[in-house]
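Be aware that the sequence shown starts at 16, since it is given in my numbering, and climbs by one per residue.
Data block below; observations after.
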Amino acid sequence: MSEVYEKPQPVIDPGTKPFWDAAREHRLSIPRCRSCGKHHFYPRELCPHCHSDDLEWTDVGGKGEVYSYTIARKPAGPVFAADVPYVIAMIVLDEGPRMLTNIVTEDVEKVRIGDRVTVRFDDVTPELTLPKFTLDKD
Ligand code: ZN
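Encoded structure:
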């Protein structure tokens with residue numbers, strides 16, 4: 016890919032680096048608590064369920080369902096103009112946590128709350144891969 020990626024890029028800090036490293040390898044990885052066994056997202060220093068700091072990064076299945084969504088019809092800036100309309104969605108992963116992401120679909124009107132979705136990975140630069148989701152019914 017020789018195109019320049021002009022969109023805003025996520026801030027990658029030590030707390031989120033494992034997530035982005037995994038995404039680059041096309042894995043969806045989120046923190047899991049060794050004490051209570053529950054996953055959470057976004058990454059935190061303490062488990063939001065039991066406040067343990069005994070956390071580990073684990074790969075998850077990359078499947079879930081649409082919890083809520085909005086269709087963006089006006090670009091957030093000129094670099095997004097070619098993308099509209101697009102879908103911004105809150106996904107509930109099968110492992111429990113919610114994740115704010117995009118749903119990639121030809122027909123944004125088709126998206127419904129409760130739709131099953133599967134992760135896919137967009138390599139936008141050699142360093143950055145964005146996890147997005149597609150509709151299983153697509
Ligand atoms: Zn816990």
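Built from N, CA and C at the ideal position, the CB exists for glycine as well.
Enumerate in chain order the residues of its own chain whose CB-to-CB distance from Ile86 is below 7 Å, with the five nearest sequence positions on each side excluded.
Excluding residues within five positions, the ones whose Cβ falls inside 7 Å are Pro100, Val102, Val123.
Below 6 Å, is the gap between the Cβ of Ser44 and the nearest heavy atom of the ligand ZN?
Ser44: no, Cβ never under 6 Å from the ligand ZN.
Quick check: the Cα distance between Pro141 and Gly76, rounded to an integer number of angstroms?
If I take the Cα positions, the gap works out to 24 Å.
Quick one: grab the DSSP three-state call for Asp68.
Residue state for Asp68 is assigned as coil, using DSSP reduced to three classes.
Around the C-beta of Gly79, are 16 or more other C-beta atoms found within 10 angstroms, so that it is buried, or is it exposed?
With 16 or more Cβ atoms within 10 Å of its Cβ, Gly79 is classed as buried.
Is the Cβ-Cβ distance between Asp151 and Leu145 less than 7 Å?
Cβ atoms of Asp151 and Leu145: not closer than 7 Å.
Of the listed residues Cys65, Arg47, Cys51, nearest to Tyr57 (C-alpha basis):
Comparing Cα-Cα distances from Tyr57 to each of Cys65, Arg47, Cys51, the minimum goes to Arg47.
Measure how close the beta-carbons of Ser45 and Pro112 come, nearest whole angstrom, since I'm counting them as under 8 Å.
A small correction: the amino acid at residue 45 is Ile; Ser does not occupy that position in the sequence shown. In this structure Ile45 touches Pro112 by the C-beta definition: roughly 6 Å separates them, less than 8 Å.
Between the Cα of Asn117 and those of Ala96, Lys147, Gly92, Pro63, spot the shortest distance and give me the residue it belongs to.
Its Cα nearest to that of Asn117, the residue Lys147 stands out among Ala96, Lys147, Gly92, Pro63.
Hey, is Ser50 close to the ligand ZN, as in C-beta under 6 Å from one of its heavy atoms?
Shortest gap from the CB of Ser50 to any heavy atom of the ligand ZN: under 6 Å.
Below 6 Å, is the gap between the Cβ of His64 and the nearest heavy atom of the ligand ZN?
Yes, the beta carbon of His64 sits closer than 6 Å to at least one heavy atom of the ligand ZN.
Please go through the same chain and pick out, in chain order, the residues whose beta-carbon is closer than 6 Å to the beta-carbon of Thr31, but skip the five residues on each side of it.
Scanning its chain for C-beta atoms nearer than 6 Å, with the 5 sequence neighbours on each side dropped, one finds around Thr31 the residues Pro58, in chain order.
I'd like to confirm something about Ser67: is its beta-carbon nearer than 6 Å to some heavy atom of the ligand ZN, or not?
Between the ligand ZN and the CB of Ser67, the shortest heavy atom gap is smaller than 6 Å.
Would DSSP call Pro90 helix, strand or coil?
Coil at Pro90, not helix or strand.
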